[in-house]
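All remarks here apply to the structure that follows.
Residue numbers (the numbering used here), protein chains in the order written: chain A, 411 to 612; chain B, 411 to 612.
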């Protein structure tokens with residue numbers, strides 16, 4: 411004996427979401443029965459719109475409803491500054507900070523020769539073209555601190571090395587507020603290597 | 411700077427689900443971008459259908475797409491046996507067991523004089539009528555082991571006391587596989603009170 415088809419389908423859909431198991435899916439599906447009509451309409455409509463309305467920004471690959479994303483449309487930002495990230499979600503992290511006022515470029519993954527992912531697969535050449543065409547002066551690489559992330563950062567910086575573009579990488583080290591007991595050894599090694607002299611002069 | 415409206419709306423909808431915070435909602439909403447068209451269609455349609463297609467079974471209050479739920483439609487079950495539960499979800503728990511072959515009745519909550527919930531509010535009189543009309547012979551109460559649950563069970567059993575109906579309550583005690591260190595004292599008291607003699611005769 412099962413739930414009515416509608417509920418059964420809904421449970422199965424919820425189960426397709428990351429980290430949602432059978433029991434949680436059941437709870438979530440049943441909870442929608444108490445939603446107001448308006449919420450259901452927006453929920454249902456938005457889901458449909460993810461396929462019809464959402465596309466990639468033609469300039470930076472961010473999520474967009476038009477040809478350009480909201481950030482690329484905003485011409486008050488610093489056009490000389492580009493931050494390279496791995497996903498639209500990472501853009502949001504920087505935007506929540508509110509201190510970065512340049513533009514972004516989302517690459518489609520990280521270089522990983524072992525998985526057969528080459529620079530062309532993640533559209534690095536297109537990004538390099540964009541950087542040159544737009545006369546960008548500084549590129550900040552904000553990729554994941556993993557082997558693949560480092561490889562990708564190194565690859566990009568080597569290509570841009572010949573040009574006059576300043577390439578930097580966000581700092582890696584012990585996060586603020588972290589319990590020193592739980593910092594992994596690689597991070598600690600990196601933090602030690604990149605230690606900064608404390609200046610008492612000013 | 412925010413996500414496109416579609417994504418923003420979707421995040422807000424996911425946040426209305428129980429136990430889903432801002433970060434999880436963001437992750438879930440973004441994950442739907444990778445769903446196949448078919449999944450999105452089913453998901454979106456099922457959500458809409460919760461409002462239009464799902465109603466309460468006119469006989470037992472279970473979730474139904476027709477006038478009667480799937481269980482009430484099945485006339486191969488034991489019509490003399492009725493299990494009283496608090497929600498359609500509880501019905502599914504019993505159905506997964508597969509050992510109960512009677513019918514169910516879902517009451518709309520539990521009696522709680524402190525919260526102003528009286529037997530009439532949760533439609534106990536209607537259930538009593540059903541029990542009498544259908545000549546049910548045994549009623550199994552499977553309500554939550556709480557003050558409200560016990561009150562409700564007691565109330566129902568008192569009403570049915572005058573008739574010839576056998577009223578029982580599911581057993582409460584230490585669950586199988588439980589670590590004794592973590593069993594709460596009320597459960598332990600109940601388990602002690604309802605101890606069973608171990609028979610070595612058979």
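From the three backbone atoms N, C-alpha and C, an ideal C-beta is built for every residue, glycine too.
Asked, Found
"Between which two residues does the beta strand (DSSP E) carrying residue 577/B extend?", "576 to 579"
"Bridge partners of residue 495/A, per DSSP?", "516/A"
"Would you check if the distance between the CB atom of residue 577/A and the CB atom of residue 549/A is smaller than 8 angstroms?", "yes"
"Can you check whether the CB of residue 552/B is closer than 8 angstroms to the CB of residue 493/B?", "yes"
"Against chain B, which members of the segment 440 to 457 of chain A pass a CB distance test of less than 8 angstroms?", "440, 441, 442, 443, 445, 447, 449, 450, 451, 452, 453, 454, 455, 456 and 457"
"For the structure I just gave you, are there three or more beta carbon pairs, one from the segment 453 to 468 of chain B and one from the segment 411 to 425 of chain A, closer than 8 angstroms?", "yes"
"Pull the bridge partners of residue 551/A from the DSSP assignment, please.", "494/A and 579/A"
"How about the segment 446 to 461 of chain B and the segment 421 to 434 of chain A: do they share at least three Cβ pairs that are nearer than 8 angstroms?", "yes"
"Using 8 angstroms for Cβ pairs, my map puts residue 538/A next to residue 501/A. What's the rounded Cβ distance?", "No, residue 538/A and residue 501/A are not in contact; Cβ-Cβ is about 20 angstroms, not under 8 angstroms."
"What does the alpha-carbon distance come out to for the pair residue 530/B and residue 587/A?", "55 angstroms"
"Reducing DSSP to helix, strand and coil, say where residue 478/B ends up.", "coil"
"Closer than 7 angstroms by C-beta to residue 428/A: which residues in its own chain qualify, once you throw out the five before and the five after it? Chain order, please.", "none"
"On a Cα-Cα basis, can you pick out the residue from 547/A, 496/A, 503/A and 430/A that is closest to residue 532/A?", "496/A"
"Should the segment 521 to 529 of chain A be regarded as contacting the segment 474 to 494 of chain A, the criterion being three or more beta carbon pairs within less than 8 angstroms?", "no"
"Indicate whether at least one CB of chain A lies closer than 8 angstroms to the CB of residue 585/B.", "no"
"So what's residue 606/A in DSSP terms, helix, strand or just coil?", "coil"
"Quick test of your reading: residue 489/A and residue 513/A, contact by CB under 8 angstroms. State the CB separation rounded to the nearest angstrom.", "7 angstroms"
"From residue 438/A to residue 478/B, what does the alpha carbon distance come to, in whole angstroms?", "24 angstroms"
"Per DSSP, what are the beta-bridge partners of residue 527/A in this structure?", "522/A"
"If distances are taken between C-alpha atoms only, which option among 504/B, 449/B, 447/B and 547/B comes closest to residue 573/B?", "547/B"
"Which residues, in chain order, does the segment 415 to 430 of chain A contribute to contact with chain B at a C-beta distance below 7 angstroms?", "415, 416, 417, 419, 420, 423, 426, 427 and 428"
"In the DSSP assignment, find the unbroken alpha helix (DSSP H) run with residue 457/A in it and report its ends.", "447 to 462"
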